[in-house]
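One structure is given here, and the rest of the page talks about it.
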Amino acid sequence: MFKNIIIPVDLADKQSLKAVFPPALNFVNAFGSKLHLIYIMPDFGMKMIEDYLPRHWMSDQKQKYTKQFDEIVEKYVPKGVDVSYYIGRGAVYDEVIKYSESENADLIIISAVRPQLRDYMLGPNASKIVRHSSISVMVVRD
1 MFKNIIIPVD LADKQSLKAV FPPALNFVNA FGSKLHLIYI MPDFGMKMIE
51 DYLPRHWMSD QKQKYTKQFD EIVEKYVPKG VDVSYYIGRG AVYDEVIKYS
101 ESENADLIII SAVRPQLRDY MLGPNASKIV RHSSISVMVV RD
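With full-length UniProt numbering, the residue at position 112 of the sequence shown is 112, and numbering never jumps.
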């Protein structure tokens with residue numbers, strides 16, 4: 001049923017990782033799914049800002065994030081599970097949806113922002129992914 005599962009990862013929020021991997025691994029065990037971990041780097045919005053960054057800033061950032069993905073996979077994903085990484089750039093919800101379409105994904109699993117007592121809404125990226133995705137989206141809470 002679910003052969004390609006997209007998991008958008010917020011590398012700054014390690015707590016949310018605990019919630020997304022158990023259901024993803026259940027699908028892997030049931031359907032032999034492939035996991036696609038995706039991280040979207042922020043887009044500065046203006047080319048002139050990027051001109052002030054060090055020359056190899058983008059490639060250095062991608063190396064750093066790839067190393068973090070390796071650590072996440074080692075910690076949460078059993079050996080033998082098919083996993084790929086994608087590091088993109090731009091608006092998170094836009095890039096997640098584009099990537100899911102390019103990979104013919106069947107499911108997106110996202111972590112919801114931990115609600116405060118009076119706030120029961122999804123985060124802005126999660127809600128946009130849920131609204132605009134053409135495939136199923138599973139929202140998990142920790």
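Ideal Cβ positions, reconstructed from N, Cα and C, are used throughout, including at glycine. Computed from a prediction, not measured in an experiment: that's the story for all the values here.
{"Check": "Whole-angstrom Cβ separation of LEU11 and TYR65, contact assumed at under 8 Å?", "Outcome": "6 Å"}
{"Check": "Could you tell me the alpha carbon to alpha carbon distance between MET1 and ALA24, rounded to whole angstroms?", "Outcome": "13 Å"}
{"Check": "What's the call for GLU95, buried or exposed, on a 16-neighbour Cβ count within 10 Å?", "Outcome": "buried"}
{"Check": "CA-CA distance, residue 151 and SER111?", "Outcome": "This structure cannot speak to residue 151, because the chain is shown only from 1 to 142."}
{"Check": "Ignore the nearest five residues each way along the sequence and tell me which others in residue 165's own chain have a CB closer than 7 Å to its CB.", "Outcome": "Since the first residue of the chain shown is 1 and the last is 142, residue 165 is not available in this structure."}
{"Check": "Measuring only the C-alpha atoms, how far is ILE6 from ARG89?", "Outcome": "16 Å"}
{"Check": "Should ARG35 go down as buried or exposed, given a rule of 16 or more other Cβ atoms within 10 Å for buried?", "Outcome": "Reading off the sequence, residue 35 comes out as Leu, not Arg. Counting Cβ neighbours within 10 Å, LEU35 comes out buried, since at least 16 surround it."}
{"Check": "So, with DSSP's three-state summary, where would you put SER100?", "Outcome": "helix"}
{"Check": "Taking only three categories from DSSP, how would you classify ARG131?", "Outcome": "helix"}
{"Check": "Could you check the C-alpha separation between ALA105 and SER134 for me, to the nearest Å?", "Outcome": "10 Å"}
{"Check": "Considering Cα atoms alone, identify which of GLU101, ASN29 and LYS62 is closest to ASP82.", "Outcome": "ASN29"}
{"Check": "Helix, strand or coil: how does DSSP classify LYS14 here?", "Outcome": "helix"}
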